[in-house]
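What follows is a short report on a single structure.
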Amino acid sequence: MCCGPKFLFCLLALVSSAALHTAALPSFSDDTFGLRSRLSSLIPRRWETRWSNVGKRQASSTFETDANGSEFLWVIQDTYEGQSFFDRWSFFNLADPTHGTVEFVDRQTAFNSGLAYVTDDNIVVMKGDNTTWLPEGGVRPSVRITSNTSYNTGLFILDLNHAPWGCGVWPAFWTVGPNWPQGGEIDILEGVHNNENNQVTWHTGPGCTLTPNASFSGSLAGNLDCDVTSGNNAGCGIIEWSRASYGPYFDAQQGGVFAMKWDDLGISVWSFYRQAIPEDITNGQSPNPSTWIEPVAQLSPSGCDPLKYFYNHSVIFDITFCGDWAGNSYATSDCPGTCAERVMDPSNFVNASWSINSLKVYQKISLTGKISSAERTIALDARVISLIACLLVISFAGL
Ligand SMILES: *[C@@H]1O[C@H](CO)[C@@H](O)[C@H](O)[C@H]1NC(C)=O
Ligand SMILES: *[C@@H]1O[C@H](CO)[C@@H](O)[C@H](O)[C@H]1NC(C)=O
Ligand SMILES: *[C@@H]1O[C@H](CO)[C@@H](O)[C@H](O)[C@H]1NC(C)=O
Ligand SMILES: *[C@@H]1O[C@H](CO)[C@@H](O)[C@H](O)[C@H]1NC(C)=O
Ligand SMILES: *[C@@H]1O[C@H](CO)[C@@H](O)[C@H](O)[C@H]1NC(C)=O
Ligand SMILES: *[C@@H]1O[C@H](CO)[C@@H](O)[C@H](O)[C@H]1NC(C)=O
């Protein structure tokens, strides 16, 4: 009775009734109903698993699970790449708040003087000037850009070939909220001089501390208190273990991917060599950080509420010279002369450039709404009834 084409026919009827059921009961997935149908093309394999689990809709392990136990996916919100990369950024051209020996140029100047451009093969470049000789004390032209969009939580994935470095150079890829330090600051990729280990740092208002026993592979930079008024604005930081996470070796192996995840579960940062980027990042589908290796850095919600101390973050790329970090640490950096002398010669800045393939920002979309046991019973009943109906039709039609 249940073999061959007949069985397939019934299975088809069953699946379509299930689809109908979903349409008839929007509360099945709360406000995410529209999304489900879009997702089905994204992740067909997952749906098969779902239908084979009819009646026991428990969390399936390859979705991520929120603090409240509901399942979610990271879905792309913004892609910054290629010729349109710079459309949704503002060029910051005021004095450097970190006191660098730098002149941040406006959009027009950046493009006209070749400090910002996109190559024919869609690589985004931003750099410090490396053609102008300066008198001692002169400021070197460079670029600092801020995303027009601000974000509340998200998964930020930066794919880059090259990050700036060199004596006197201080680049950062970071996010920051309004009313600093109240809205918080997350430094994702940052370093100075010829450093080889990336440092991840948080800066906040009072009340936020780094939990040292959280799950991360880097080592503490020092301060646990992220409050900028403690420790002279050092923030709370974690230094990556890998010597290829910043500077010469990072660039020598064609860069890689930095990912920052900010949600109710905390703020985590990963960095991957180009050879070790997880497939769910490279295949352009829904990345699932819970399947990745341990993050290099993490700010756990047990010491810092990630939704209270961080909000409305813009993304920033910048390259400055000397200043609060690179200037103050210059004498102990094994770099020649003074930082002010270093800035004079343009050939010292050949490696002071960003080369970016893409920045993608994903938002969390909840998959599981509240589903009552009554609804679950109805769901099951609908399938049983459709199966019986299907078998009846088959026997009447003598198929
Ligand atoms: C679970 O938490 C997330 C994020 O805080 C929220 O968006 C979602 O609506 C919550 N789900 C339920 C079922 O409460
Ligand atoms: C982003 O902001 C800049 C400067 O404020 C503006 O020139 C640009 O048009 C904005 N881009 C978009 C897409 O709104
Ligand atoms: C860290 O240790 C403290 C005290 O032992 C514990 O209460 C807390 O849950 C731990 N946190 C994490 C993230 O493991
Ligand atoms: C975040 O930005 C939104 C939209 O601009 C604004 O309404 C809200 O007040 C901001 N939140 C905080 C805490 O500043
Ligand atoms: C730039 O990078 C190359 C390759 O790693 C290195 O040999 C050179 O010394 C660097 N130059 C400066 C000024 O940092
Ligand atoms: C400036 O740096 C770029 C790399 O960012 C390099 O290709 C170029 O040759 C340098 N220009 C000079 C004059 O050294």
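Letter by letter, the sequence shown follows residues -24 to -1, 1 to 375 in mature numbering (1 follows the signal peptide of the UniProt record, and there is no 0). Quick reminder that beta carbons are idealized off the backbone N, C-alpha and C, glycines included.
- As summarised for the region 46 to 113, the continuous alpha helix (DSSP H) elements at least 4 residues long and confined to that stretch are 83 to 88, given in chain order.
- For alanine 302, same chain residues with a beta-carbon under 7 Å away, outside a window of 5 residues either side, are Gly144, Val145, Trp146, Val168, His169 and Cys315 in chain order.
- Closest in C-alpha terms to tryptophan 178, from the list Glu166, Glu172 and Asn189, comes Glu166.
- Leaving aside the five residues that flank asparagine 106 on each side, the residues in its chain whose CB is nearer than 6 Å to its CB run, in chain order, Pro322, Phe325 and Val326.
- Taking a cut-off of 8 Å for Cβ pairs, the region 263 to 276 and the region 83 to 92 do not touch, as fewer than three such pairs fall below it.
- Around the beta carbon of aspartate 203, 16 or more other beta carbons sit within 10 angstroms, so the residue counts as buried.
- The C-alpha of valine 245 is placed about 14 Å away from the C-alpha of aspartate 135.
- DSSP links tyrosine 249 through a beta bridge to Gly232.
- From the listed residues Trp330, Glu79, Leu91 and Gly153, the smallest Cα separation to serine 123 is found for Gly153.
- For arginine 116, the enclosing beta strand (DSSP E) has its first and last residue at 116 to 118.
- Here serine 266 has Glu40 as same chain residues with Cβ atoms under 6 Å from its own Cβ, once five neighbours each way along the sequence are excluded.
- In this structure, glutamate 112 sits away from asparagine 174, with a CB-CB distance that is not shorter than 7 Å.
- Tryptophan 141 has its alpha-carbon roughly 10 Å from the corresponding atom of phenylalanine 297.
- Measuring C-alpha to C-alpha distances from proline 282 to each of Thr180, Ser262 and Ala210 identifies Thr180 as the nearest.
- According to the DSSP assignment, glutamate 161 belongs to the beta strand (DSSP E) that extends over 161 to 166.
- DSSP, reduced to helix, strand and coil, places glutamate 255 within a helical segment of the structure shown.
- Glutamate 255 and valine 233 have their C-alpha atoms roughly 12 Å apart.
- Boundaries of the alpha helix (DSSP H) harbouring valine 319: 315 to 320, taken from the DSSP string.
- In the three-state scheme derived from DSSP, where H, G and I count as helix and E and B as strand, phenylalanine 39 is classed as coil.
- When DSSP states are grouped into helix, strand and coil, glycine 242 belongs to the strand group.
- Where glutamine 261 is concerned, there is no enclosing beta strand (DSSP E), because DSSP gives it neither an H nor an E.
- In the three-state reduction of the DSSP assignment, glycine 194 falls in the coil class, being assigned neither a helical nor a strand state.
- In the three-state DSSP reduction, tyrosine 225 falls in the helix class (H, G or I).
- One alpha carbon belongs to glycine 299, the other to asparagine 208, and they sit about 15 Å apart.
- Those residues placing their Cβ nearer than 6 Å to any heavy atom of ligand 2 are, following chain order, Asp63, Arg64, Ser66 and Asn124.
- Using a C-beta cut-off of 8 Å, the region 41 to 50 makes contact with the region 332 to 345, since at least three inter-stretch Cβ pairs fall below that distance.
- With respect to the C-alpha of alanine 71, the residue from Asp97, Gly260, Leu241 and Ser118 having the closest C-alpha is Ser118.
- In the structure shown, tryptophan 217 adopts coil according to DSSP, grouped into three states.
- Sorted by chain position, residues whose beta-carbon lies closer than 6 Å to a non-hydrogen atom of ligand 4 are Pro154, Tyr287 and Asn288.
- Residue pairing for threonine 185: DSSP places it in a beta bridge opposite Asp201.
- Only residues of its own chain outside the window of five on either side were considered, and among them Ile214, Val245 and Ala273 have a CB closer than 6 Å to the CB of valine 176, listed in chain order.
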